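The structure appears right after this line, and notes come after that.
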Amino acid sequence: MRYEGLDDLIREALQEERAESRELLDGLERAVTVKLAAHTPGRYWWRRLREALWGSRVAMRFAVGSAAALALVVGFLAGRMWVPGGAPWEEGGGTVFAVAAPRAESVAVVGDFSAWELVRLEDRDGSGVWTAVLELPPGRYEYAFLVDGRWVGQDPVADEYVRSFGEYASVRYVERGS
Amino acid sequence: MRLLGACVALLALVVTGLTQTPPLAQAPPQIELDQVLNLLHAMPADPGLKKSAASALREVVQAGWDLPLNVHSYLDRAGQLAPGEANDALRILTRGLEAGLSVDRLLSRALLGWRRERPWGEILGELSFRLGMLLAAQEVVMEVRVAVEICPATIREVVAEVGWAVADHIAEGGSPADGAGMTSRVRSSLSNLRSVAPCERTVDAVLEALTPDMVAGIVARALAQEGR
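Those protein sequence lines, which keep their order, are chains B and P. For the first sequence, my numbering assigns the number 1 to the initial residue and increments by one for each residue that follows. For the second sequence, my numbering assigns the number 1001 to the initial residue and increments by one for each residue that follows.
Structure, rendered in structure tokens:
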């Protein structure tokens, strides 16, 4: 049946329906345009960052996972840089001094890097392995451990051993870029 | 509630990161020349010796070298000795500095002696023996002209390494006549120094020139100095 053949009442109803739909479509078009404009990347990087952080929706598990990883890294770096009472050496990599002393109450390393003054080692996880990380510039270093005050001069990982004043001391060469 | 849980978890992770990280040891404080000179001035030692030591320390700085790392600790401890003993401590320091030696090892050895609570007489004996060996090593190594010309900074380290290795051999009961044994020890020490020294080619040049006769020459000169 053609449109002209319809009853006046039906034609009127159809025209009203069409008019209402047009308004609805116009509204939808406007909403889409506004939405698209809102997601146009900003001109400056900080605006883009802000939009990325506040404008996007990220699944909770990814957000928590990323934040946890970031927190762990921040905590590790902060712990690494935290030096009680002094500043770290300026150059060179960390040199690990470690000694196994399961029943010891205090362990220290003494050496020419510290004018033979005590540098405390720690057994943080209670495994009996005491460690300290020293940032030493490249060079040759003589040292020994003091385990509960007892001199332990022969470190198995030393490069050499020297005997002086009746006791051994270990020697380690800290290489460039190590 | 979920947000609170997340915050607590994050805080726990930060604390874990902080507490499970091995701590860095602190570097010895940077010592200024004035601090060392003040300490020297306060020592109960002969004024002439103090003046010589101060002059030698100033020359080290003027020549562009770093002050010996342990000089402050050494003078601090030496200042607690009796006046005559403090004079000996200053003589050792000044002799080494005036000869252009890297005296850190000597000073460190003295500090080790004090750490081991050894009497000053024993420490002085050790220092005199080591200083003599360093001076002899310097004379012999400086004859390797190629090495000296390549890198003057590294040659000081080479001298220290050679003198120390020969001294270690003898101090540990090795025979001063065992040229091959001493040479092997020196060669091993120089090979280790090679990875540490700023200028490898200087070390290589000395390694190439190293012979048992050369090492025997160091011992002979050290003994001759001791005899004087």
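The C-beta atom is built at its ideal place from N, Cα and C for all residues, glycine as well. All figures in this text were calculated on a predicted structure; none of them were measured in a lab.
#### Entry: For VAL1148 of chain P, the nearest candidate out of P:ALA1177, P:SER1052, P:ARG1185 and P:GLU1200 (CA to CA)
Within the second sequence, residue 1148 of chain P is the residue found at index 148, counting from 1. Nearest of P:ALA1177, P:SER1052, P:ARG1185 and P:GLU1200 to VAL1148 of chain P, Cα basis: P:GLU1200.
### Query
In this structure, does DSSP put VAL194 of chain B in helix, strand or coil?
Residue 194 of chain B cannot be examined here, being either before or after the span of chain B that is shown, 1 to 178.
### Query
In or out: GLY111 of chain B buried (at least 16 other Cβ within 10 Å) or exposed?
Start at 1 with the first residue of the first sequence, and residue 111 of chain B comes out as number 111. GLY111 of chain B is buried by the Cβ-count criterion.
### Query
Does the separation of the CB atoms of SER106 of chain B and TYR143 of chain B fall below 8 Å?
Within the first sequence, the letter at position 106 stands for residue 106 of chain B. Within the first sequence, the letter at position 143 stands for residue 143 of chain B. Contact: no.
### chain P contact for VAL110 of chain B (CB, 8 Å cutoff)
Taking the first residue of the first sequence as 1, we reach residue 110 of chain B at position 110. Yes - at least one Cβ of chain P is within 8 Å of the one on VAL110 of chain B.
### Query
Straight-line CA distance for PRO1198 of chain P to LEU1135 of chain P?
Here residue 1198 of chain P refers to the residue found at position 198 when the second sequence is read from its first residue. Here residue 1135 of chain P refers to the residue found at position 135 when the second sequence is read from its first residue. Distance between the alpha carbons of PRO1198 of chain P and LEU1135 of chain P: 22 Å.
### Residues of its chain near ALA943 of chain P, where Cβ-Cβ distance is below 6 Å and the 5 sequence neighbours each way are ignored
The question about residue 943 of chain P has no answer, for chain P in this structure spans 1001 to 1228.
### Task
Could you list which residues in chain B have their beta carbon closer than 8 Å to that of LEU1193 of chain P, in chain order?
Here residue 1193 of chain P refers to the residue found at position 193 of the second sequence. ARG140 and TYR173, listed in chain order.
### Message
Please tell me whether LEU1111 of chain P has its Cβ less than 8 Å away from any Cβ of chain B.
### Response
Taking the second sequence and counting its residues from 1, the one referred to as residue 1111 of chain P is at position 111. Yes, LEU1111 of chain P lies at the interface with chain B (some Cβ there is under 8 Å from its Cβ).
### Query
Looking only at C-alpha atoms, which of P:SER1191, P:LEU1107, P:ALA1224 and P:GLY1174 sits nearest to ASP159 of chain B?
Within the first sequence, residue 159 of chain B is the residue found at index 159, counting from 1. Taking only the C-alpha atoms, the option nearest ASP159 of chain B is P:SER1191.
### Query
Of the residues that make up the region 1065-1084 of chain P, which ones have a beta carbon closer than 7 Å to any beta carbon in chain B?
ASN1070 and SER1073
### Message
Please report the distance separating the alpha-carbon of GLU91 of chain B from that of TYR173 of chain B.
### Response
Mapped onto the first sequence, residue 91 of chain B falls at position 91. Mapped onto the first sequence, residue 173 of chain B falls at position 173. At GLU91 of chain B the pLDDT is 42, less than 50, meaning the model places this residue with poor confidence; the figure from the coordinates comes in the next sentence. About 15 Å.
### Task
Note down the Cα distance separating LEU134 of chain B from ARG1115 of chain P, rounded to an integer number of angstroms.
In the first sequence, the residue the question calls residue 134 of chain B occupies position 134. In the second sequence, the residue the question calls residue 1115 of chain P occupies position 115. Near 20 Å, if we compare the C-alpha coordinates of ARG1115 of chain P and LEU134 of chain B.
### Query
Hey, quick one: how far does the alpha helix (DSSP H) through ALA1167 of chain P stretch, first residue to last?
Numbered from its first residue, the second sequence carries residue 1167 of chain P at position 167. Taken as a continuous stretch (DSSP letters only), the alpha helix (DSSP H) holding ALA1167 of chain P covers 1152-1171.
### Task
Check distances from the C-beta atoms of the region 153-165 of chain B to those of chain P and list, in chain order, the residues that come in under 8 Å.
ASP159, GLU160, VAL162, ARG163, SER164 and PHE165
### Task
Whole angstroms is fine: what's the gap from GLY1217 of chain P's alpha carbon to VAL1141 of chain P's?
Against the second sequence, residue 1217 of chain P aligns to sequence position 217. Against the second sequence, residue 1141 of chain P aligns to sequence position 141. Roughly 10 Å separates the two Cα atoms.
### Task
Return the chain-ordered list of same chain residues with a C-beta closer than 7 Å to the C-beta of ALA1045 of chain P, the five sequence neighbours on each side being excluded.
The count along the second sequence starts at 1 and reaches residue 1045 of chain P at position 45. Same-chain partners within the cutoff: PRO1083, ALA1086, ASN1087 and LEU1090.
#### Entry: Residue span of the beta strand (DSSP E) that contains VAL162 of chain B, given as start and end
One-based indexing of the first sequence puts residue 162 of chain B at position 162. Note, VAL162 of chain B: beta strand (DSSP E), 160-164.
### Message
If I measure Cβ to Cβ from ARG1185 of chain P and keep anything under 6 Å in the same chain, skipping five residues before and after, which residues do I get?
### Response
As a position in the second sequence, residue 1185 of chain P is number 185, starting the count at 1. Excluding residues within five positions, the ones whose Cβ falls inside 6 Å are ALA1165 and HIS1169.
### Task
Name the one or two DSSP bridge partners that TRP151 of chain B has.
Within the first sequence, residue 151 of chain B is the residue found at index 151, counting from 1. In DSSP, TRP151 of chain B forms a bridge with B:LEU146.
#### Entry: Delimiting residues of the alpha helix (DSSP H) encompassing THR95 of chain B
Taking the first residue of the first sequence as position 1, residue 95 of chain B is located at position 95. First-last for THR95 of chain B: 94-100, but that is the beta strand (DSSP E), not the alpha helix (DSSP H).
### Message
Let me confirm a value: HIS1041 of chain P is counted as buried when at least 16 other C-beta atoms fall within 10 Å, else exposed. Which label applies?
### Response
Indexing the second sequence from 1 puts residue 1041 of chain P at position 41. Label assigned to HIS1041 of chain P: exposed.
### Task
Report all residues from its chain with a CB closer than 8 Å to the CB of GLY1100 of chain P; omit the five preceding and five following residues, and keep chain order.
For the purposes of this step, residue 1100 of chain P is identified with residue 100 of the second sequence, where counting begins at 1. If we look at GLY1100 of chain P and ignore the five residues flanking it on each side, its Cβ neighbours are GLN1138 and ARG1156.
### Closest Cα partner of ALA101 of chain B within the set B:ASP155, B:GLU16, B:PHE165 and B:ALA69
Locating residue 101 of chain B in the first sequence gives position 101, where the first residue counts as 1. If we check each option's Cα against that of ALA101 of chain B, B:ASP155 comes out closest.
### Task
Consider the Cβ of SER1175 of chain P: report whether some Cβ of chain B lies at a distance smaller than 8 Å.
Indexing the second sequence from 1 puts residue 1175 of chain P at position 175. With 8 Å as the cut-off, SER1175 of chain P does not count as an interface residue toward chain B.
### Message
Strictly by DSSP, which residues pair up with GLY111 of chain B?
### Response
In the first sequence, residue 111 of chain B corresponds to position 111, counting from 1. BP columns for GLY111 of chain B point to B:TYR143.
#### Entry: Three-way DSSP call (helix, strand, coil) for SER1102 of chain P in this model
As a position in the second sequence, residue 1102 of chain P is number 102, starting the count at 1. Coil.
### Query
Is ASP1066 of chain P near the ligand MG, judged by its Cβ being under 7 Å from some heavy atom?
Among the ligands in the structure shown, none appear at all, so the ligand MG cannot be discussed.
#### Entry: Close Cβ partners of HIS1072 of chain P (< 7 Å) along its chain, the five nearest in sequence each way excluded
For the purposes of this step, residue 1072 of chain P is identified with residue 72 of the second sequence, where counting begins at 1. Only ILE1031, GLN1035, VAL1036 and LEU1039 meet the Cβ criterion.
#### Entry: Nearest-angstrom beta carbon gap, LEU1093 of chain P and VAL1103 of chain P [assumed within contact, 8 Å]
As a first step, residue 1103 of chain P is located in the second sequence; it is residue number 103 there, counting from the start. As a first step, residue 1093 of chain P is located in the second sequence; it is residue number 93 there, counting from the start. So it is a contact: roughly 7 Å between Cβ atoms.
### Beta-carbon spacing of GLU1161 of chain P, SER1189 of chain P below 8 Å
Residue mapping note: residue 1161 of chain P aligns to position 161 of the second sequence, counting from 1. Residue mapping note: residue 1189 of chain P aligns to position 189 of the second sequence, counting from 1. Their beta carbons are under 8 Å apart, which means GLU1161 of chain P touches SER1189 of chain P by this criterion.
### Message
What does the Cβ neighbour count give for SER1108 of chain P, buried or exposed, with the cut at 16 atoms within 10 Å?
### Response
Position 108 of the second sequence, counting from 1, holds the residue named residue 1108 of chain P. Per the 10 Å Cβ criterion, buried.
### Among P:ARG1077, P:GLY1096 and P:GLN1062, the one whose alpha carbon lies nearest that of ARG1118 of chain P
Translated into positions along the second sequence, residue 1118 of chain P becomes position 118. Residue P:ARG1077 is the option with its Cα nearest to ARG1118 of chain P.
#### Entry: Sheet register partners of GLU122 of chain B (DSSP bridge)
Indexing the first sequence from 1 puts residue 122 of chain B at position 122. According to DSSP, GLU122 of chain B bridges with B:THR131.
### Message
Let's test the definition: count the other Cβ atoms within 10 Å of the Cβ of ARG11 of chain B and tell me whether it reaches 16, buried, or not, exposed.
### Response
By one-based count along the first sequence, residue 11 of chain B stands at place 11. When all chains shown are included, ARG11 of chain B counts as exposed.
#### Entry: Where SER1128 of chain P sits in the DSSP three-state scheme
For the purposes of this step, residue 1128 of chain P is identified with residue 128 of the second sequence, where counting begins at 1. Three-state result, SER1128 of chain P: helix.
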